[in-house]
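The opening residue of the sequence shown carries number 1479 in the working numbering; numbering runs sequentially from there.
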Amino acid sequence: MFETIRNSTERRKLGFFSCATGNPIDDCWRCDRNWHLRRKRLANCAIGFGRNAVGGRDGRYYVVTDPSDNDAINPRPGTLRHAVIQDRPLWIVFKRDMVITLKQELIMNSFKTIDGRGANVAIAGGACITIQYVTNIIIHGINIHDCRRTGNAMVRSSPSHYGWRTMADGDAISIFGSSHIWIDHNSLSNCADGLIDAIMGSTAITISNNYLTHHNEFKFD
1479 MFETIRNSTE
1489 RRKLGFFSCA
1499 TGNPIDDCWR
1509 CDRNWHLRRK
1519 RLANCAIGFG
1529 RNAVGGRDGR
1539 YYVVTDPSDN
1549 DAINPRPGTL
1559 RHAVIQDRPL
1569 WIVFKRDMVI
1579 TLKQELIMNS
1589 FKTIDGRGAN
1599 VAIAGGACIT
1609 IQYVTNIIIH
1619 GINIHDCRRT
1629 GNAMVRSSPS
1639 HYGWRTMADG
1649 DAISIFGSSH
1659 IWIDHNSLSN
1669 CADGLIDAIM
1679 GSTAITISNN
1689 YLTHHNEFKF
1699 D
């Protein structure tokens, strides 16, 4: 009897110091105590249809230092809007905790990662995220809530282009005609329309480990 109990106890101890959670995405990066020095390894952790999304892995880091969003046509350097419209790959991180209230929808350019790990980052109380006719986007670790309908305004989508935007529905994340998208470990809630729409032939998408509350729609068309 003693031997049986001892062996059982020893077996339980085998996992005591293990970082493994059983979640293949978490286990891919959380076991590295220095993950914050090797953030881009996250791009190797996706599973499912969006597993080949590299986001901004092959680009530089961009540190968001300013939570403001005062100008959707000429965004200030250091803001999230200025980061996501750039033509080059970028891995976007945040200097500190912040709440970002977007005046107009945040239109993302290709090959971008929004990485909220290490800070408490919310996009809340205004417009939210649009992924339209682009590729290779990763959004990880962001709290997106209380998105509102916005639009009938000029909004920049790249350094060389801005244009008129009609009214957006007020989804947390809207995906139109885009591919290689990975949405992981975000909290999404209480938006004017739905939380995530992926429509118009969008493909190669993984939506994993997100916490979705207070919503009436989650749509793939």
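We treat Cβ as the ideally placed atom computed from N, Cα and C, and that holds for glycine.
Please report how far the alpha carbon of residue i lies from the alpha carbon of residue j, in whole angstroms.
{"i": "Cys-1669", "j": "Ala-1682", "result": "25 Å"}
{"i": "Asp-1624", "j": "Ala-1676", "result": "19 Å"}
{"i": "Ile-1616", "j": "Asn-1630", "result": "27 Å"}
{"i": "Leu-1515", "j": "Thr-1499", "result": "21 Å"}
{"i": "Ala-1524", "j": "Asp-1662", "result": "9 Å"}
{"i": "Val-1612", "j": "Met-1586", "result": "8 Å"}
{"i": "Gly-1596", "j": "Asn-1688", "result": "17 Å"}
{"i": "Cys-1497", "j": "His-1560", "result": "36 Å"}
{"i": "Thr-1644", "j": "Lys-1581", "result": "14 Å"}
{"i": "Asp-1549", "j": "Gly-1641", "result": "13 Å"}
{"i": "Gly-1619", "j": "Gly-1534", "result": "15 Å"}
{"i": "Val-1577", "j": "Asn-1501", "result": "29 Å"}
{"i": "His-1658", "j": "Val-1532", "result": "8 Å"}
{"i": "Ile-1674", "j": "Arg-1626", "result": "14 Å"}
{"i": "Ala-1521", "j": "Thr-1628", "result": "31 Å"}
{"i": "Lys-1697", "j": "Gly-1556", "result": "For Lys-1697, the predicted model reports a pLDDT of 49, less than 50, meaning its position is unreliable and no value from the coordinates is stated."}
{"i": "Arg-1519", "j": "Ile-1592", "result": "14 Å"}
{"i": "Cys-1506", "j": "Gly-1594", "result": "17 Å"}
{"i": "Asp-1565", "j": "Gln-1610", "result": "14 Å"}
{"i": "Asp-1510", "j": "Arg-1517", "result": "10 Å"}
What residues match up with residue i in a beta bridge as DSSP calls it?
{"i": "Arg-1643", "result": "Ala-1631"}
{"i": "Gln-1610", "result": "Phe-1654"}
{"i": "Ala-1498", "result": "Looking at the DSSP assignment, Ala-1498 forms no beta bridge with any residue, so it has no partner."}
{"i": "Lys-1455", "result": "Residue 1455 lies beyond the range of the chain shown here (1479 to 1699); nothing can be said about it."}
{"i": "Ser-1636", "result": "His-1639"}
{"i": "Asp-1536", "result": "Paired residues: none, contrary to the question."}
How is residue i classed by DSSP in three states: helix, strand or coil?
{"i": "Ile-1551", "result": "coil"}
{"i": "Asp-1649", "result": "coil"}
{"i": "Ile-1525", "result": "coil"}
{"i": "Arg-1517", "result": "helix"}
{"i": "Asp-1624", "result": "coil"}
{"i": "Ala-1597", "result": "coil"}
{"i": "Val-1541", "result": "strand"}
{"i": "Val-1562", "result": "helix"}
{"i": "Asp-1505", "result": "helix"}
{"i": "Ala-1531", "result": "coil"}
{"i": "Thr-1557", "result": "strand"}
{"i": "Ser-1546", "result": "coil"}
{"i": "Thr-1482", "result": "Here the model assigns Thr-1482 a pLDDT of 36, short of 50, so the residue's position is not dependable, and the following value carries that caveat. Of the three classes helix, strand and coil, the one that applies to Thr-1482 here is helix, per DSSP."}
{"i": "Asp-1662", "result": "strand"}
{"i": "Asp-1510", "result": "coil"}
Could you tell me the boundaries of the beta strand (DSSP E) in which residue i lies?
{"i": "Ala-1670", "result": "Element bounds for Ala-1670: n/a, residue is neither H nor E."}
{"i": "Ala-1682", "result": "1681 to 1686"}
{"i": "Leu-1690", "result": "1689 to 1691"}
{"i": "Met-1576", "result": "1576 to 1578"}
Taking 8 Å as the cut-off, does the region 1599 to 1618 touch the region 1634 to 1654 (at least 3 CB pairs, one atom from each stretch)? yes
Below 8 Å, can you find three or more Cβ-Cβ pairs linking the region 1563 to 1582 to the region 1526 to 1539? yes
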